[in-house]
Amino acid sequence: MEMVPVSWYLLLAALLFAIGTAGALTRRNGITIFLSIELMLNSVNLTLVAYSRMLNDQTGQVLVFFVLAVAAAEAAVGLALFIAIYRHRRTIDLNRMNLLRW
Amino acid sequence: MIQYLWLVPLLPLLGAVANAIAGPRAPRPVHTAIGVGAPGLSMLLSLGILWQYGTGMAPSPFEQVVYPWTVGELAIDVAFLLDPLSAVMLFVVTFVGFWIHLYSTGYMAHEDGYQRYFVYLNLFMFAMLLLVLGNNFLVMFVGWEGVGLCSYLLIGYYYDQKVPPRAGRKAFVVNRIGDFAFLIGMFALFSTFGTLNYQEIFSSIAANPAAVTGEYALGLSMAAFVALCFFIGATGKSAQIPLYVWLPDAMAGPTPVSALIHAATMVTAGVYMVVRSNVIFQLAPGISLLVAAVGAATALMAATIGLAQNDIKKVLAYSTVSQLGYMFLAAGLGAYTAAVFHLGTHAFFKALLFLGSGSVIHAMGGEQDMRKMGGLKKQMPTTYRTFFIASLAIAGIPPLAGFFSKDEILAAAANNGHWILWFVGLATAGLTAFYMFRAVFMTFHGDFRGTQEQEDHLHESPPSMTVPLIVLAVGAVTAGWVGISKVLTFGRDFNWLHHWLEPVIATVGGGGHLGEGGHEAAGHGGEAAHHLSMGVEWALILLAIAIAVTGILLARSMFAKRALEGEERLIAALGPAHRAFANKYWVDEAYDRFIIRPLAALSRGFWKVVDGFIIDGLLHLTSAVAEILGDLGRFSTTGNVRNYVLYFFLGIVVLLGWIIL
Numbered sequence: 011m012e013m014v015p016v017s018w019y020l021l022l023a024a025l026l027f028a029i030g031t032a033g034a035l036t037r038r039n040g041i042t043i044f045l046s047i048e049l050m051l052n053s054v055n056l057t058l059v060a061y062s063r064m065l066n067d068q069t070g071q072v073l074v075f076f077v078l079a080v081a082a083a084e085a086a087v088g089l090a091l092f093i094a095i096y097r098h099r100r101t102i103d104l105n106r107m108n109l110l111r112w
Numbered sequence: 109m110i111q112y113l114w115l116v117p118l119l120p121l122l123g124a125v126a127n128a129i130a131g132p133r134a135p136r137p138v139h140t141a142i143g144v145g146a147p148g149l150s151m152l153l154s155l156g157i158l159w160q161y162g163t164g165m166a167p168s169p170f171e172q173v174v175y176p177w178t179v180g181e182l183a184i185d186v187a188f189l190l191d192p193l194s195a196v197m198l199f200v201v202t203f204v205g206f207w208i209h210l211y212s213t214g215y216m217a218h219e220d221g222y223q224r225y226f227v228y229l230n231l232f233m234f235a236m237l238l239l240v241l242g243n244n245f246l247v248m249f250v251g252w253e254g255v256g257l258c259s260y261l262l263i264g265y266y267y268d269q270k271v272p273p274r275a276g277r278k279a280f281v282v283n284r285i286g287d288f289a290f291l292i293g294m295f296a297l298f299s300t301f302g303t304l305n306y307q308e309i310f311s312s313i314a315a316n317p318a319a320v321t322g323e324y325a326l327g328l329s330m331a332a333f334v335a336l337c338f339f340i341g342a343t344g345k346s347a348q349i350p351l352y353v354w355l356p357d358a359m360a361g362p363t364p365v366s367a368l369i370h371a372a373t374m375v376t377a378g379v380y381m382v383v384r385s386n387v388i389f390q391l392a393p394g395i396s397l398l399v400a401a402v403g404a405a406t407a408l409m410a411a412t413i414g415l416a417q418n419d420i421k422k423v424l425a426y427s428t429v430s431q432l433g434y435m436f437l438a439a440g441l442g443a444y445t446a447a448v449f450h451l452g453t454h455a456f457f458k459a460l461l462f463l464g465s466g467s468v469i470h471a472m473g474g475e476q477d478m479r480k481m482g483g484l485k486k487q488m489p490t491t492y493r494t495f496f497i498a499s500l501a502i503a504g505i506p507p508l509a510g511f512f513s514k515d516e517i518l519a520a521a522a523n524n525g526h527w528i529l530w531f532v533g534l535a536t537a538g539l540t541a542f543y544m545f546r547a548v549f550m551t552f553h554g555d556f557r558g559t560q561e562q563e564d565h566l567h568e569s570p571p572s573m574t575v576p577l578i579v580l581a582v583g584a585v586t587a588g589w590v591g592i593s594k595v596l597t598f599g600r601d602f603n604w605l606h607h608w609l610e611p612v613i614a615t616v617g618g619g620g621h622l623g624e625g626g627h628e629a630a631g632h633g634g635e636a637a638h639h640l641s642m643g644v645e646w647a648l649i650l651l652a653i654a655i656a657v658t659g660i661l662l663a664r665s666m667f668a669k670r671a672l673e674g675e676e677r678l679i680a681a682l683g684p685a686h687r688a689f690a691n692k693y694w695v696d697e698a699y700d701r702f703i704i705r706p707l708a709a710l711s712r713g714f715w716k717v718v719d720g721f722i723i724d725g726l727l728h729l730t731s732a733v734a735e736i737l738g739d740l741g742r743f744s745t746t747g748n749v750r751n752y753v754l755y756f757f758l759g760i761v762v763l764l765g766w767i768i769l
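Chains as they are written, first to last, in our numbering: chain A, 11 to 112; chain B, 109 to 769.
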């Protein structure tokens with residue numbers, strides 16, 4: 011069976027990473043940025059899995075589990091923070107989160 | 109006993125330290141015992157030493173190294189020298205000094221800060237003895253500065269009033285100007301001779317006078333340069349033109365201080381220094397003539413100002429300036445013996461005059477204006493008699509002390525053919541007799557012109573004050589007998605002082621280097637090359653006496669009965685000159701206008717421009733640069749998380765780019 015070439019996975023991962031980066035940089039809504047960061051993390055996961063298959067080494071796939079665990083924890087903490095901020099300030103627009111300036 | 113010479117200055121220092129440790133809350137008798145005891149012991153010891161020295165039981169000159177101060181290239185010892193000159197000074201300082209200490213116990217009895225007063229006064233004695241006993245210029249300079257410090261402290265003794273601290277500051281600053289020149293002179297001597305020891309310097313000059321008569325600096329010879337520097341130093345300490353202005357103001361201190369420091373001892377330090385350096389001055393005839401001219405000008409100027417003063421202490425202050433001028437006149441003419449002679453006699457009668465005025469001020473409850481006195485002789489007979497004797501002495505009436513010394517100075521001027529200087533001296537003598545007896549008659553004769561309250565308070569001073577008056581009065585009468593000139597004794601030689609000081613007054617390289625004002629004049633009536641006949645000398649002496657008597661009688665006719673009318677007549681007679689005298693020739697104002705204010709403006713300029721603009725500006729510039737850099741960095745810290753993310757991203761791009769490329 012013809013295998014999908016690794017370069018395709020990598021291209022897809024790079025595309026996803028670029029979309030995630032663009033989203034993280036351009037959006038103002040905290041949740042959207044959060045989603046973008048998740049996208050970036052998952053594009054990295056995709057890369058890891060692709061290389062793992064290519065090199066026939068399970069380490070990459072194990073690492074993906076770690077990343078997923080961290081991403082889950084991050085999601086829990088991050089969302090809790092956003093809820094706290096929203097309760098306090100009635101917004102999650104990051105442009106207005108600038109109290110720590112100077 | 110002479111081996112204890114080092115104790116003579118040390119005792120007053122110990123007294124000062126002991127009183128300082130005892131503190132102001134110790135009982136007054138303790139302060140008195142220490143404060144008067146220390147200079148008393150010092151006086152007894154020095155009398156013993158002088159006896160031993162004078163009777164030839166000790167080597168002359170006697171030198172004693174206390175300890176080596178510095179070693180190496182600048183090797184200077186703390187060492188004392190007892191030679192005929194310092195012996196005379198030692199006697200004057202300890203003797204007059206002790207009696208003034210004793211007098212102070214009565215005068216200061218009701219004042220605050222009694223302990224502080226005696227600490228300073230003892231410290232002064234220490235510094236003054238260091239000055240006269242040192243065997244090199246540096247020890248002299250330490251004493252010189254020490255007496256200046258004590259003078260400052262004691263002038264500003266009443267520190268809670270407005271005028272005294274200012275007067276003290278003025279005295280200190282004006283003295284510093286002179287001290288600076290003194291230092292320069294010392295440096296010049298040290299750089300040439302490699303030592304500051306008197307005997308080493310003077311013997312090497314005497315051995316080779318040509319070494320110091322060549323061109324040195326500012327177109328002057330070495331001797332002239334050093335002499336000029338030393339003389340400028342002396343004008344500060346001894347209140348000569350142009351630095352005399354501090355002395356009249358110094359009267360803001362307690363009266364015994366004026367007697368001790370500003371009449372008898374400290375202000376004569378300049379004369380002592382010039383006489384001590386007579387070898388150098390003899391090799392600088394031009395500077396010597398300058399010394400004589402400045403002395404004569406000071407004598408006349410101060411005497412005229414003295415005519416128009418109403419404050420009894422101011423009269424005496426200007427009189428002191430005037431008499432110091434006499435001493436410099438003598439020293440400049442080469443009559444060093446006469447200068448020391450007048451220094452000694454003046455110490456007695458001027459200290460007595462000041463103490464007498466202090467007694468009067470004490471009785472008047474602090475009043476110093478003679479126009480509010482009058483008729484005090486009834487209540488204060490002892491003060492009156494002693495003051496009268498001192499006035500006769502200063503006026504130059506024989507056989508009192510002032511007559512002999514003043515006569516010797518006038519004779520020195522006449523013998524050297526300096527008739528202008530002689531005439532100035534004579535005129536000053538007449539003025540002195542007049543203004544002193546103006547003071548006597550205004551204060552002690554006529555009717556009392558003060559308030560009723562003051563009149564009820566009038567009393568003769570306690571014995572602690574009158575005894576010193578009597579002792580000094582005896583001195584004012586007899587002190588002149590040690591130096592009776594040959595003319596007065598028809599050629600017989602009774603001039604003890606002249607012979608006594610002979611070893612100190614060098615004869616440098618014969619008369620060749622000296623002008624007509626050379627050392628021969630010191631031997632007035634002796635072997636002077638340029639000598640007046642005895643008849644002429646007698647005529648000049650009688651003329652001087654006649655002028656003094658005229659001055660006294662004139663003062664008597666004007667001030668004895670109705671002093672205030674006499675004062676009006678004096679003002680009318682002098683016309684505009686009186687205004688000049690009363691305003692002290694506006695010298696203080698001129699100094700203020702032409703020196704102090706430009707200096708202050710210059711200082712302000714330095715403050716504003718150099719300090720404020722340049723130095724502070726550089727500092728502010730440094731901080732401004734740091735601040736601007738900080739501001740630039742600050743703009744990146746927006747507090748906006750999204751910006752940080754962008755930086756983060758850009759950073760990664762750069763890093764990756766760097767790794768890949």
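Every residue gets a Cβ at the ideal spot worked out from N, C-alpha and C, and that includes glycine.
Unbroken alpha helix (DSSP H) run spanning residue i, endpoints
i                 : result
Thr406 of chain B : Pro393 to Leu415
Ile388 of chain B : Asn386 to Gln390
Tyr267 of chain B : Counting along the chain, Tyr267 of chain B falls outside any alpha helix (DSSP H), and DSSP gives it neither H nor E.
Tyr96 of chain A  : Thr69 to Arg99
Tyr492 of chain B : Pro489 to Ala503
Ile760 of chain B : Val749 to Ile768
Whole-number beta carbon distance between residue j and residue i, since they are thought to touch under 8 Å
i                 : j                 : result
Asn283 of chain B : Trp177 of chain B : Asn283 of chain B to Trp177 of chain B, Cβ: 23 Å. No contact.
Val733 of chain B : Leu35 of chain A  : Not confirmed; about 34 Å, so no contact.
Phe280 of chain B : Gly256 of chain B : 7 Å
Ala520 of chain B : Ala446 of chain B : 6 Å
Leu534 of chain B : Ala652 of chain B : 6 Å
Phe290 of chain B : Gly214 of chain B : No, Phe290 of chain B and Gly214 of chain B are not in contact; Cβ-Cβ is about 36 Å, not under 8 Å.
Ala50 of chain B  : Ser569 of chain B : This structure cannot settle anything about residue 50 of chain B, because the visible part of chain B is limited to 109 through 769.
Ser329 of chain B : Gly322 of chain B : 6 Å
Val174 of chain B : Trp114 of chain B : 5 Å
Ala498 of chain B : Thr373 of chain B : The pair is not a contact, with the Cβ atoms about 17 Å apart (cut-off 8 Å).
Leu432 of chain B : Ala400 of chain B : With a Cβ gap of about 13 Å, Leu432 of chain B and Ala400 of chain B do not count as contacting.
Bridge partner(s) assigned by DSSP for residue i
i                 : result
Ile184 of chain B : B:Thr178
Val429 of chain B : Note: Val429 of chain B sits in no beta bridge, so no partner.
Val173 of chain B : B:Ala187
Leu328 of chain B : B:Ala325
Gly205 of chain B : The partner list for Gly205 of chain B (beta bridge, DSSP) is empty, contrary to what the question assumes.
Asp419 of chain B : B:Asp477
Asn244 of chain B : B:Asn305
Asp357 of chain B : Its beta-bridge partners do not exist; DSSP assigns none.
Asp103 of chain A : A:Asn39
Segment limits, beta strand (DSSP E) that includes residue i
i                 : result
Ala166 of chain B : Careful: Ala166 of chain B lies outside any beta strand (DSSP E) and carries neither H nor E.
Tyr324 of chain B : Glu323 to Ala325
Test: residue i CB closer than 9 Å to a CB of chain C
i                : result
Ile95 of chain A : Any reference to chain C falls outside this structure, whose protein chains are A and B.
Could you tell me whether the stretch 658–677 of chain B touches the stretch 390–407 of chain B, where touching means 3 or more Cβ pairs closer than 8 Å? no
Counting pairs of Cβ atoms below 8 Å between the stretch 363–381 of chain B and the stretch 707–723 of chain B, do you hit three or more? no
Cβ contact check for the stretch 56–66 of chain A and the stretch 16–24 of chain A: 3 or more pairs under 8 Å: yes
Would you call the stretch 574–594 of chain B and the stretch 688–706 of chain B touching, i.e. three or more CB-CB distances under 8 Å? no
Residues of the stretch 733–761 of chain B with a CB closer than 8 Å to any CB of chain A: list them in chain order, please. Arg742, Thr745, Thr746, Gly747, Asn748, Val749, Arg750, Val753, Leu754 and Phe757
Closer than 8 Å, Cβ to Cβ, to anything on chain B: give me those residues from the stretch 16–41 of chain A, in chain order. Thr31, Ala34, Leu35 and Arg38
Is there contact between the stretch 330–349 of chain B and the stretch 425–439 of chain B, where contact requires at least three CB pairs shorter than 8 Å? yes
For the stretch 160–178 of chain B against the stretch 419–427 of chain B, are there 3 or more C-beta pairs whose distance is under 8 Å? no
Measuring CB atoms only, is the stretch 140–147 of chain B touching the stretch 245–263 of chain B, in the sense that at least three cross pairs come out at less than 8 Å? no
If contact is defined by three or more beta carbon pairs under 8 Å, each pair taking one atom from either stretch, is the stretch 146–154 of chain B in contact with the stretch 263–279 of chain B? no
Of all the residues that make up the stretch 46–57 of chain A, which are near chain B by a beta-carbon distance shorter than 7 Å? none
Does the stretch 490–510 of chain B come close enough to the stretch 585–603 of chain B to have 3 or more Cβ pairs within less than 8 Å? yes
At least 3 beta-carbon pairs within less than 8 Å: the stretch 100–108 of chain A vs the stretch 39–53 of chain A: yes
Are the stretch 398–413 of chain B and the stretch 527–545 of chain B touching by the rule of at least three beta carbon pairs closer than 8 Å? yes
Under 8 Å: do the stretch 472–481 of chain B and the stretch 373–386 of chain B share three or more Cβ pairs, one atom per stretch? no
For the stretch 66–81 of chain A, which residues have a CB atom closer than 9 Å to at least one CB atom of chain B, in sequence order? none
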